[in-house]
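Letter by letter, the sequence shown follows residues 85 to 779 of the working numbering.
Virtual Cβ for every residue (Gly too), placed ideally from N, Cα, C.
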Amino acid sequence: MANPAPRALLHGGDWNPDQWLDRPEVIDEDFRLFELAGVNIVAIGIFAWTRLEPEEGRYDFSWLDSIMDRLAAAGIKAALATPSGAKPAWMARKYPEILRCGPDRTRDFQGGRHNHCYTSPVYRRKAAEINERLAGRYAKHDALSLWHVSNEYGGECHCPLCQAAFRSWLKDRYGSLEALNAAWWTDFWSHRYGNWDEIESPSPRGESSLQGLSLDWRRFVDRQSLDFFLAESEPLRRLNPGTPIAINMMGTYPGLDYWNWAPHVDVAGWDSYPRWHANHGNETLGGEPGRTAEDGGPSSGMADVDEAARTAFVHDLTRSLKEGRPWMLIESTPSQVNWQPVNRLKAPGMHLLSSIQAIAHGSDSVMYFQWRKSRGGPEKFHGAVVDHAGHENTRTFQEVADVGRGLREIGDVAGSRVEAEVAIVYDWENRWAIDGFYGFGKAERNYERACVEFHRSFWRRSIACDVPNQSQDFGHYKVVVAPWLHLVKPGTAERLEAFVAEGGTLILTFFSGMVDQGDLCFEGGFPGPLRRLAGLWSEELDPLWPGQTNRLLPLAGNPVGLRGEYAIDSFCELVHLEGAEALASYGDDWYAGRPALTRHRFGKGLVYYLAARTETRLLDELSDHVCREAGVGSVWPEVLPPGVNAQKRSDGTTDFIFIMNFNREGAAGLPPYGQRLERRPAARSQNADPARHIP
Ligand code: GLA
Ligand code: ZN
């Protein structure tokens, strides 16, 4: 938008006046409290369908008119939602086709949310009708700044309409049954299809073993959900082309490939709910053999550091979706959530710290679910800015007000960019293929964790990282890490080869180059199309039982400077060198002495290949080495203590360096969970683009 307003960071969140329409004094009070908390944006109407259309075709916008007018008068921006995240009961009753079917083909009853059929023409029509009215009514409204389309798209539907849509999507994709049968290798167990109507979505009662089918089903669910989003956004684009569109994504949520969505949204954004103050890191990084207390092991009290690292990964992923443009933290909780196994409070300081962490990684907003706690319903004990106590004299409210003040003070950060020379590839299709195959070990087959661990090895040195998928151009990076690049799409190997040939450094690992985009194994030896780059042939993969280990023994004089030994668990690949040199070998078992870490010169660049899953200390030392070798520096000149992280944004004139202490003790001159911002003259010009600040 051609908006000459001064740069400002956004602060606010989901506000649900529709839950309080019979209590006008509560809404008045909210406006008083918005000001105290420094709120300048609210997301409204997210689940308001029954208040907007209480009966079919009878619309009531009177309350929303008044809310929008009051927001405009107060100078607060509205992120106006489309209501499709929860369908009205009258609609489900009249049109049962909008109810989702599960994989067992039974149809759900009405209830919950995020559960409509995304194929149903009726639901699409109903959503388009109400969205058309919303866009027509509010397109020119002063308060409207952003469309918040639906809420957390996700899930899948197996109804007859979706089955038909799946078949027609397959027809488009393959052209002929012959091609489909070949791609899915259907002669195995006599699965050959002779008619399109024989194809059914995966089901525990039916087909669950055909991995080509399962992978395509995931692709279809993604495309069909996207298609629904495009359909419901059409009236918004048509009637209101000037207002940007955002959706609240869910980070690494496995059900959708957000790279396919990114071109169709104007702003990337996600709902971030880290598990702060857990006493272990098992669900993220901790718990692996060999992680030392200093590294943040389960007993080190550094679970928050692990969680900060994982959150940093997702922030970087979200930013990368839109080429590094400022993104939005669309939801977070100011205190606790209500859906984790244990819903801890944020310790004093943590709310400001976690909010600043998002800003430091390129967000231009800090937003919450939700503004005011509901008295009833499923989320009445979910944290909110305004407690059931109903006033501002609560610890949470005061911490939120601190964030509001803090964001106002650093408003000039808005629009600035993060620049990274390191890329950690995270690829949804690759994840689907890895999650889907039978074979090797299942227990430790956690692709996301593999990516997070590598990312963390750079993060702990405050080295900026992007998180692209495998289809991006890598030319502007110095270091690319592609953990477990099992499924290699057409063109990926060529782009990686060009990147390395020109002097880039690439790190590959076991599980690489095993299947093509159709999930068929590469012939002629793994890592398939990456073999020339890796300079080796991976002949076999030996998975270890939980508790079994091997050791990685560095070779004397190895250029990485590895010394001693490093624990190996879960996966050991057995490779033959074809131009690569061994830097370390296995210490145990019948393959002791065989290469476990290699390096290959390719053109002007280098390819490291890690054949086994090791303790993270090895990843740390390897990433330190490649950064030195490739001339990649930390964003902060001093070495920071463990758990203290720096991130940089720049507008080309000023570098904004955020220093954040994720330790529950003081460190680097910062209190427990403390943070500070340093401004420096910009080190070098950046492609700052303040015109793109949102919304
Ligand atoms: C999601 C949803 C919100 C709310 C929060 C609770 O992010 O979008 O409506 O349910 O979770 O944490
Ligand atoms: Zn359906």
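I need the straight-line Cα distance from N100 to S419, nearest angstrom please.
CA-to-CA, the gap between N100 and S419 works out to about 18 Å.
Any non-hydrogen atom of ligand 1 within 7 Å of E391 CB
E391 Cβ: outside cutoff for every heavy atom of ligand 1.
Identify which residue in T700, W516, A640 and H466 has its Cα closest to the Cα of S541.
Of T700, W516, A640 and H466, the residue nearest in Cα terms is T700.
Here's the rule: buried if 16 or more other CB atoms are within 10 angstroms of the residue's CB, otherwise exposed. What is C605?
That one is exposed.
Selected residue, minimal CA-CA separation from E578, among T134, L614, L230 and F746
Out of T134, L614, L230 and F746, L614 has the C-alpha closest to the C-alpha of E578.
Buried or exposed (CB count within 10 angstroms, at least 16 for buried), Y522:
Y522 sits exposed, since fewer than 16 C-beta atoms from the chains shown fall within 10 Å of its C-beta.
On the three-pair Cβ rule with 8 Å, is the segment 476–496 touching the segment 435–455?
Yes, the segment 476–496 is in contact with the segment 435–455.
Taking only heavy atoms of ligand 1 into account, decide whether any of them is closer than 7 Å to the Cβ of F453.
Between ligand 1 and F453, a heavy atom-to-CB distance of less than 7 Å is present.
Reduced DSSP secondary structure (H/G/I, E/B, other) of K178
Helix.
Inter-residue Cα distance where the pair is P643 and T737
One Cα belongs to P643, the other to T737, and the distance between them is close to 38 Å.
Is G488 helix, strand or coil when you go by DSSP?
In the displayed model, G488 falls within a helix according to three-state DSSP.
Apart from the five residues on each side of it in sequence, which residues of its chain come closer than 7 Å, Cβ to Cβ, to H660?
Cβ within range, chain order: L620, W621 and E623.
Can you tell me which of the three DSSP states S317 falls into?
In this structure, S317 counts as helix in the three-state DSSP scheme.
Any heavy atom of ligand 2 closer than 7 Å to the CB of C535?
The nearest non-hydrogen atom of ligand 2 is 7 Å or more from the C-beta of C535.
How many Å lie between F67 and F131 at the Cα?
There is no way to answer for residue 67, as the model of the chain reaches only from 85 to 779.
Give me the DSSP bridge partner(s) of V421.
Note: V421 sits in no beta bridge, so no partner.
Straight-line Cα distance separating F304 from W795
Lying before the first or after the last residue shown, residue 795 is absent from the chain, which here runs from 85 to 779.
Shortest alpha-carbon distance to P328 belongs to which of P244, L297 and A219?
Of P244, L297 and A219, the residue nearest in Cα terms is A219.
Using the Cβ count rule (16 or more neighbours within 10 Å means buried), how would you classify V31?
The requested residue 31 is not part of the displayed model; the chain covers only 85 to 779.
DSSP bridge partner residues for E762 (one or two, in chain order):
Note: E762 sits in a beta bridge opposite I741.
Examine chain B for any beta-carbon lying closer than 8 Å to the beta-carbon of L625, and answer yes or no.
Protein chains in the displayed structure number just one, and chain B is not present.
Is T203 near ligand 2, going by C-beta to nearest heavy atom under 7 Å?
Residue side-chain check: T203 places its Cβ nearer than 7 Å to a non-hydrogen atom of ligand 2.
Spatial neighbours of I151 in its chain, beta-carbon cut-off 7 Å, leaving aside the 5 residues before and after:
Scanning its chain for C-beta atoms nearer than 7 Å, with the 5 sequence neighbours on each side dropped, one finds around I151 the residues P101 and I128, in chain order.
What residues are listed by DSSP as bridge partners for S622?
DSSP, once it has assigned bridges, lists F610 and V659 as partnering S622.
Taking 7 Å as the cut-off, does the CB of R184 come closer than this to any heavy atom belonging to ligand 2?
Yes - ligand 2 has a heavy atom lying nearer than 7 Å to the Cβ of R184.
Sorted by chain position, which residues of the same chain lie with C-beta nearer than 7 Å to D787's C-beta, five sequence neighbours on each side aside?
Here the chain has residues from 85 to 779 only, and residue 787 is not among them.
Bridge partners for N427 per DSSP, in chain order?
When beta bridges are read from the DSSP output, N427 appears opposite no residue.
Along the alpha helix (DSSP H) that carries A714, what are the first and last residues, could you check?
Going by DSSP, A714 is part of the alpha helix (DSSP H) stretching over T700 to A714.
What's the gap between the Cα of R359 and the Cα of E532?
Just so you know, the alpha carbons of R359 and E532 end up roughly 17 Å apart.
Within 8 Å, do at least three Cβ pairs link the segment 317–327 to the segment 284–304?
Output reads no: the segment 317–327 does not touch the segment 284–304.
Whole-number beta carbon distance between I547 and V506, since they are thought to touch under 8 Å:
Cβ-Cβ separation between V506 and I547: approximately 6 Å, consistent with a contact (criterion under 8 Å).
Heavy atom of ligand 1 less than 7 Å from the Cβ of N199, yes or no?
Outside the cutoff, so no.
Validate contact between the segment 223–233 and the segment 171–178 using beta carbons, cut 8 Å, 3 pairs:
As far as the Cβ criterion goes, the segment 223–233 does not touch the segment 171–178, which means the pair count is below three.
G631 versus P638, F655, A640 and G597, residue with shortest Cα-Cα distance:
Answer by Cα proximity: F655.
Could you tell me whether any non-hydrogen atom of ligand 1 is closer than 7 Å to the CB of D355?
Yes, the Cβ of D355 comes within 7 Å of a heavy atom of ligand 1.
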